[in-house]
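In what follows, a structure is listed as structure tokens, so that the remarks can point back to it.
2 protein chains.
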Amino acid sequence: MPYKEREINKLYYTMGEVTEMFDVNASQIRFYEREFDILQPKKNKKGNRLFTQEDISNLKIIFNLVKEKGYTLQGAREFLRTNKNEAKENQRVVDSLERLKSFLLEVRDSL
Amino acid sequence: MPYKEREINKLYYTMGEVTEMFDVNASQIRFYEREFDILQPKKNKKGNRLFTQEDISNLKIIFNLVKEKGYTLQGAREFLRTNKNEAKENQRVVDSLERLKSFLLEVRDSL
DNA sequence: AAAAAGCATGCCATATAAAGAGCGCGAAAT
DNA sequence: ATTTCGCGCTCTTTATATGGCATGCTTTTT
Numbered sequence: 001m002p003y004k005e006r007e008i009n010k011l012y013y014t015m016g017e018v019t020e021m022f023d024v025n026a027s028q029i030r031f032y033e034r035e036f037d038i039l040q041p042k043k044n045k046k047g048n049r050l051f052t053q054e055d056i057s058n059l060k061i062i063f064n065l066v067k068e069k070g071y072t073l074q075g076a077r078e079f080l081r082t083n084k085n086e087a088k089e090n091q092r093v094v095d096s097l098e099r100l101k102s103f104l105l106e107v108r109d110s111l
Numbered sequence: 112m113p114y115k116e117r118e119i120n121k122l123y124y125t126m127g128e129v130t131e132m133f134d135v136n137a138s139q140i141r142f143y144e145r146e147f148d149i150l151q152p153k154k155n156k157k158g159n160r161l162f163t164q165e166d167i168s169n170l171k172i173i174f175n176l177v178k179e180k181g182y183t184l185q186g187a188r189e190f191l192r193t194n195k196n197e198a199k200e201n202q203r204v205v206d207s208l209e210r211l212k213s214f215l216l217e218v219r220d221s222l
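The listed protein sequences derive, respectively, from chains D and R. Under the numbering used here, the first residue of the first sequence is numbered 1, with each subsequent residue one higher. Under the numbering used here, the first residue of the second sequence is numbered 112, with each subsequent residue one higher.
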């Protein structure tokens, strides 16, 4: 009989659990769900939300950005969006700078 | 048209210059002055504001945080309190790159 | 069965934040 | 002397963010 961490690795959290966890009310969670694409909890046949660990994690990030860091919802959205593509963006910047460098060398040589 | 990092910097900027520089209206600048301790432009005998280079620099940082990054004023205040030096340095780099960019654009157009 | 609890959607109300607008005044410039 | 600019002040407006309610449907409890 293998050891299972059922409590810790819960599959799904209910709306009530989530509101208690973050000490907010349900309408705010639903509101955030509308505001942030990354929040997409599953729903059961009845329609009740089933928040995954991933959803909880995303909510933590969002609440941190908004409540601790002082981002607007808009700002938090953009932050999340650009952090997702962080690697891509870095590469893009590097490429851009490389092109810039060779251009500068050309300019210098033409003077 | 040589590229110069350093520009001849004015000692003081008037309210009109500042509002045009940031494309905002005066009440917002005055508002920010109340909201951010860091903003303390001098005033002449008449009471008109004399914005120093330092004030401009601080305004740039604030506008970047609020308009680009999506911070609330409250969030920007806290950010500045703990990251003022880093923010300054970042802004310095950004300014430098933007001057470089416009220089490059001029070069391109002159070809 | 009846009552209560939990959650759904949808709409409206509220609070605060952020920005803009109007005004009368005065100094300086044209 | 008229215009321009900016002052402080106050009032409004707009946007953001959150809360709350009405109603209805299941599930759980009494």
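From the three backbone atoms N, C-alpha and C, an ideal C-beta is built for every residue, glycine too.
- Message: Against chain D, with Cβ distances strictly below 8 angstroms, would Y182/R count as a contact?
- Response: Here residue 182/R is taken as the residue at index 71 of the second sequence, counted from 1. At least one chain D Cβ lies under 8 angstroms of Y182/R.
- Using beta-carbon positions only, say whether Y124/R and F162/R come within less than 8 angstroms of one another. Within the second sequence, the letter at position 13 stands for residue 124/R. Within the second sequence, the letter at position 51 stands for residue 162/R. Yes.
- Query: Which residue from Y32/D, I38/D, N48/D, R34/D puts its Cα closest to that of M15/D?
  - Reply: As a position in the first sequence, residue 15/D is number 15, starting the count at 1. Looking only at Y32/D, I38/D, N48/D, R34/D, the smallest Cα-Cα distance to M15/D is reached by N48/D.
- Let me know the secondary structure DSSP gives L59/D once reduced to three states. The residue you call residue 59/D lines up with position 59 of the first sequence. The answer is helix: DSSP assigns L59/D an H, G or I state.
- Would you verify that the beta carbon of E89/D is, or is not, closer than 8 angstroms to some beta carbon of chain R? Locating residue 89/D in the first sequence gives position 89, counting from the first residue. Because the pLDDT of E89/D is 48, which lies under 50, any placement of that residue in the model is unreliable, and the number read from its coordinates should be weighed accordingly. Chain R contact via Cβ: absent.
- Is the Cβ of Q74/D closer than 8 angstroms to any Cβ of chain R? Locating residue 74/D in the first sequence gives position 74, where the first residue counts as 1. Cβ-Cβ to chain R under 8 angstroms: yes for Q74/D.
- Residues of its chain near K42/D, where Cβ-Cβ distance is below 6 angstroms and the 5 sequence neighbours each way are ignored: The residue you call residue 42/D lines up with position 42 of the first sequence. The residues are L50.
- Item | Same chain, Cβ closer than 6 angstroms to K88/D, five either side skipped, listed in chain order | What you label residue 88/D is simply residue 88 of the first sequence in a count that begins at 1. Since pLDDT at K88/D reaches only 42, below the 50 mark, its modelled position is unreliable, and the value read off the structure follows with that caveat. Counting only Cβ-Cβ distances below 6 angstroms, and skipping sequence neighbours, we find nothing.
- Hey, how far is the Cα of L39/D from the Cα of E54/D? The count along the first sequence starts at 1 and reaches residue 39/D at position 39. The count along the first sequence starts at 1 and reaches residue 54/D at position 54. Taking the straight line joining both Cα atoms gives about 9 angstroms.
- Query: Of all Cβ atoms in chain D, is any one closer than 8 angstroms to the Cβ of E189/R?
  - Reply: Locating residue 189/R in the second sequence gives position 78, where the first residue counts as 1. Answer yes: the Cβ-Cβ gap between E189/R and chain D drops below 8 angstroms somewhere.
- Message: Considering only DSSP beta bridges, list what F51/D is partnered with.
- Response: Stepping through the first sequence from its first residue, residue 51/D is reached at position 51. Looking at the DSSP assignment, F51/D forms a beta bridge with Y13/D.
- Three-state secondary structure assigned by DSSP to Y114/R: Counting from one through the second sequence, the residue named residue 114/R turns up at place 3. In the structure shown, Y114/R sits in coil (DSSP, three-state: anything other than H, G, I, E or B).
- Helix, strand or coil at K43/D [DSSP, three-state]: For this step, residue 43/D is matched to residue 43 along the first sequence. Reduced to three states, the DSSP call for K43/D is strand.
- Message: Quick check on this structure: which residue in F22/D, F31/D, V24/D, I56/D has the alpha carbon closest to the alpha carbon of L11/D?
- Response: Reading the first sequence from its first residue, position 11 is the one you call residue 11/D. For the options F22/D, F31/D, V24/D, I56/D, the alpha carbon positioned closest to that of L11/D is the one of I56/D.
- In whole angstroms, what separates the C-alpha of T193/R from that of Q185/R? Walking along the second sequence from the start, residue 193/R turns up at place 82. Walking along the second sequence from the start, residue 185/R turns up at place 74. Whole-angstrom Cα-Cα distance: 13 angstroms.
- Message: Distance check for L170/R and M132/R, CA to CA, integer angstroms please.
- Response: For the purposes of this step, residue 132/R is identified with residue 21 of the second sequence, where counting begins at 1. For the purposes of this step, residue 170/R is identified with residue 59 of the second sequence, where counting begins at 1. Straight-line Cα distance between these residues: approximately 10 angstroms.
- Express the C-alpha separation of Q139/R and E146/R in angstroms, rounding to a whole number. Residue numbering aside, residue 146/R sits at position 35 when the second sequence is read from its first letter. Residue numbering aside, residue 139/R sits at position 28 when the second sequence is read from its first letter. Straight-line Cα distance between these residues: approximately 10 angstroms.
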